[in-house]
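Keeping their order, the protein sequence lines are chains A and B.
Following the working numbering, the numbering of the first sequence begins with 59 at its first residue and continues without gaps.
Following the working numbering, the numbering of the second sequence begins with 11 at its first residue and continues without gaps.
For every residue, glycine included, the Cβ atom is placed at its ideal position computed from N, Cα and C.
These numbers come from a predicted model, not from an experiment.
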Amino acid sequence: MLKGRRAGYARILPGRVAVRNTRPGPKLTMNQNEMMAERIIGEKPLAAWEIVSVVLSFLITEWIVLALGGKLLAAIPLIAAFGYILISHRLRGETLRDLGFRLDNLAPALMLVAIPTIIALACFLFIGWSAGGWRLSLLWSRPRYLLLPVWALAQQYVTQGFINRRAQTVLGKGWKSVMVTAAIFALLHMPNLNLVWLTFLGGIVWAAIYQLRPNLFAIAVSHTITSMILARALPNIWVNSMRVGLKYFL
Amino acid sequence: MDAGSRSKLVQLLIAKSAVEIVLVAGLTVGFFLITFPHFQGWGEATPTSIDGWVVSQQHPEQKVEVQLFIDDRFVASGVADQPRPDIVRAGKSKDEGHGFSFEIPKLTQGYHVARAYAVHSSNQDKRKSLQLIGDPIPFDLDAEGKARWLRPNTPRESGGS
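Written out as structure tokens, the structure reads:
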């Protein structure tokens, strides 16, 4: 190991490498890993990798762990995914407000989300009534529906607060990142094909609104109401109890 | 975002992937071992029945449930608990009660294939798997309804059914 200083170079510390510093000023030292990261991966590829990794965690949970290992083991990829998401927010300096946990734009976001939500509800109710699939009375007999707002907020936090934001890093704000976010949201509802195309449409609306007015509460309200009515207005055979992943077949 | 933070995220992504690979690999191997334990056994056709034996390698004392299919159609189900002293002599099992015998039902004259399967339950009986015992058992049925086992490499005398 070299000791002392040489003109134009930073002091070499254990585990560090010297970086040429031709101008006077603060000494530059970079960890080897940092240099590798600088050289190998840029901001966009990293954001794309983050999206793929988190989506894979949820697919592994839905398709493998829940089907083969049960709910307890399913916690492992979920904790890994949520843990990663939280650390990613922290290292990127994203605040709760940035993510959409805020009230200042709640009213305008609700206004934006209200019209498509009402249209979707009207469609579901009409189609369900025509097909004779209404089971709306069950809405009040299932205590688990009380957890639906939390579940919807969690889904929208991942979809919009993480995937949509990273998609914007890769593709910029606009229709490309909106479509990617919606496609991923739909993919996570495979192989329930009716849910896949409905979530794709819903995903486009919610991702677009999030880019205009980033408010997760407003989107979660829309998600909660549409899911509840979808599950109870349409015939169960169409939505197969909203099952996704390998459980769809079980 | 600075290079240090990016480097940390890369390391985290790699670590997360490693954890998930280990989890999926462990689950896959575990699922395979639990769902498809190894069964040792054999089946043959006698003039009036399909006979054989089966021993679970995981639980040798367990009497295995067997299902018989002929020409890919379910025929009968039973437990392999009949005495087969030959398997003890051959060192395949410590007790002889692992044999099964199913009477051949009325079938058309000619060529048929029987398959005996060991039934295994797992996940608190929610999941059942069938594993072929030995090899498929081809046989010819004559006009009197007597079967003749066509061992491998035995030429068939009559046409297919």
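Assigned exposure category for residue i - 16 Cβ within 10 Å defines buried
| i | result |
| --- | --- |
| B:L151 | buried |
| A:T119 | buried |
| A:P84 | Its pLDDT being 49, under 50, A:P84 is placed unreliably in this model, and the coordinates cannot settle the point. |
| A:A189 | exposed |
| A:A139 | buried |
| A:R294 | The residue asked about is misnamed: residue 294 of chain A is Asn in this sequence, not Arg. By the 10 Å Cβ count, A:N294 comes out exposed. |
| A:S235 | buried |
| B:D61 | buried |
| B:G155 | exposed |
| A:W187 | exposed |
| A:L288 | buried |
| B:R16 | buried |
| A:T175 | buried |
| B:N133 | exposed |
| A:L170 | buried |
| A:L130 | exposed |
| A:T239 | buried |
| B:V32 | exposed |
| B:E30 | buried |
| B:F112 | buried |
Nearest to residue i (by Cα), restricted to the options the options
| i | options | result |
| --- | --- | --- |
| B:I24 | A:W107, A:Y268 and A:L144 | A:W107 |
| B:L78 | B:K138, B:D145 and B:G88 | B:G88 |
| B:W52 | B:Q21, B:F42 and B:D96 | B:D96 |
| B:P70 | B:V32, B:F149, B:E106 and B:L43 | B:E106 |
| B:D82 | B:P146, B:G14, B:M11 and B:A153 | B:P146 |
| A:K305 | A:W121, A:V110, A:L117 and A:K129 | A:W121 |
| B:T118 | B:R137, B:A90, B:Q92 and B:A157 | B:A157 |
| A:L206 | A:A165, A:M300 and A:C181 | A:M300 |
| B:G120 | B:D12, B:Q21, B:L160 and B:T45 | B:L160 |
Presumed contact (8 Å Cβ cut-off) between residue i and residue j, rounded CB distance
| i | j | result |
| --- | --- | --- |
| A:I262 | A:M237 | 7 Å |
| B:H130 | B:P47 | 6 Å |
| B:I114 | B:T58 | 6 Å |
| B:A128 | B:Q141 | 5 Å |
Check whether residue i and residue j have beta carbons under 9 Å apart
| i | j | result |
| --- | --- | --- |
| A:W264 | A:S280 | yes |
| A:L253 | A:V297 | yes |
| A:T282 | A:A210 | yes |
| B:F84 | B:V64 | no |
| B:V9 | B:A90 | Outside the displayed span of chain B (11 to 171) sits residue 9 of chain B, for which this structure offers no information. |
| A:Y268 | A:Q218 | yes |
| A:L274 | A:L144 | no |
Please name the residues in the stretch 132 to 149 of chain A whose beta-carbon is closer than 7 Å to at least one beta-carbon of chain C, in chain order.
No chain C appears in the structure shown, which is made up of the protein chains A and B.
Mind listing which residues of the stretch 103 to 123 of chain A have their C-beta closer than 8 Å to chain B's C-betas, in chain order?
When C-beta distances to chain B are compared with 8 Å, the residues of the stretch 103 to 123 of chain A below that value are L104, W107, E108, S111, L114, S115, I118, I122 and V123, in chain order.
Counting only Cβ-Cβ distances shorter than 8 Å, please list the residues of the stretch 18 to 32 of chain B near chain A, keeping chain order.
K18, L19, V20, Q21, L22, L23, K26, S27, V29 and E30
Cβ-based contacts, 9 Å cut-off: residues of the stretch 77 to 102 of chain B near chain A:
Sequence-ordered contacts of the stretch 77 to 102 of chain B with chain A are nonexistent [C-beta pairs closer than 9 Å].
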